[in-house]
Amino acid sequence: GTRIIYDRKFLMECRNSP
Amino acid sequence: REALAAEIWDKHPLQNRWALWFFKNDKSKTWQANLRLVTKFSTAEDFWALYSHIQLASKLTSGCDYSLFKDGIEPMWEDNRNKRGGRWLITLAKQQRHTELDRFWLETLLCLIGETFGPYSEDICGAVINIRAKGDKIAIWTREAENRDGVTHIGRVYKERLGLSHKVVIGYQAHADTATKSGSLTKNKFVV
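So the protein lines, in turn, are chains U and A.
When you read off a place in the first sequence, starting at 1, and then add 3, the result is the number in the working numbering.
When you read off a place in the second sequence, starting at 1, and then add 127, the result is the number in the working numbering.
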């Protein structure tokens with residue numbers, strides 16, 4: 004199946020989202 | 128019910144559910160009694176909520192460890208999904224606790240939860256950070272030491288993500304060799 008891959012940039016953006 | 132749905136759908140699910148463990152060295156207790164499961168998470172947002180809530184690794188006292196493992200794998204060699212595996216080991220000099228330790232550990236966590244190693248992310252079991260007076264250590268654990276392609280791919284990508292120079296060599300050690308070592312050094316099965 005598909006694998007959920009998040010790059011560093013995306014994960015860092017999740018940190019800052021409200 | 129709508130609020131619950133919003134909460135679920137606004138979060139970004141991870142490929143795996145992860146468990147954070149904390150080890151605090153208390154010599155009056157057994158090794159296993161000193162190991163505690165902190166919590167589990169399975170979204171990017173829940174990871175950050177946890178990360179911002181706990182102490183930075185550099186603030187822990189000597190003898191403590193954090194471990195992040197896939198749900199269902201215990202952070203010890205004896206677990207069936209670890210025992211044939213090994214670890215890419217990063218050993219830090221004492222002064223790096225104040226300069227690089229927290230950055231390296233966060234980068235390690237992001238590599239794991241983001242499934243940075245592509246198809247070889249299947250080989251990942253978890254990661255461990257040991258806070259020690261003589262020098263801190265960070266390691267990524269994989270499940271099968273004989274899987275040369277997967278192990279070396281993971282090592283190359285990991286080294287690049289940490290921003291280590293080409294001159295720095297990191298080694299992969301099989302848990303079986305670490306468990307039966309006679310001296311203080313375990314031989315490297317692979318290096319990158």
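C-beta atoms are modelled at their ideal positions from N, C-alpha and C, and glycine is treated no differently.
All values reported here derive from a predicted model rather than from experimental measurement.
Of the candidates A:291, A:197 and A:262, the residue whose Cα lies closest to the Cα of residue 231 (chain A) is A:291. At a beta-carbon threshold of 8 Å, none of the residues of chain U lie near residue 182 (chain A); the nearest stands roughly 17 Å away.
Annotation for residue 288 (chain A): 234 and 238 place their beta carbon closer than 6 Å to its own, counting only its chain and skipping 5 residues before and after. For residue 142 (chain A), a Cβ of chain U is located within less than 8 Å of the residue's own Cβ. Look at the region 237–276 of chain A and you find these whole runs of beta strand (DSSP E), each 3 residues long or longer: 251–257 and 264–269. Restricting attention to A:318, A:221, A:161 and A:300, the CA atom closest to the CA of residue 268 (chain A) is found in A:300. Per the coordinates, the alpha-carbon of residue 180 (chain A) lies some 29 Å from the alpha-carbon of residue 250 (chain A). Using a Cβ-Cβ cut-off of 7 Å, residue 242 (chain A) is close to 6, 7 and 8 of chain U, given in chain order.
Judged by pairs of C-beta atoms under 8 Å, the region 207–227 of chain A touches the region 265–283 of chain A, as three or more such pairs exist. Under the DSSP assignment, residue 148 (chain A) falls in the beta strand (DSSP E) whose first and last residues are 140–150.
Among the residues of the region 211–227 of chain A, none has a Cβ less than 7 Å away from any Cβ of chain U. Of all residues in the region 169–201 of chain A, only 170, 171, 172, 174, 175, 178 and 179 place a beta-carbon less than 9 Å from a beta-carbon of chain U.
Under DSSP, residue 301 (chain A) shares a beta bridge with A:213.
Residue environment: residue 163 (chain A) is assigned as exposed (fewer than 16 neighbouring CB atoms within 10 Å of its CB, all protein chains considered). For residue 185 (chain A) and residue 228 (chain A), the gap between their C-alpha atoms comes out near 7 Å.
When secondary structure is reduced to three states using DSSP, residue 183 (chain A) falls in the coil class, being assigned neither helix nor strand.
DSSP lists A:264 as the beta-bridge partner residues of residue 218 (chain A).
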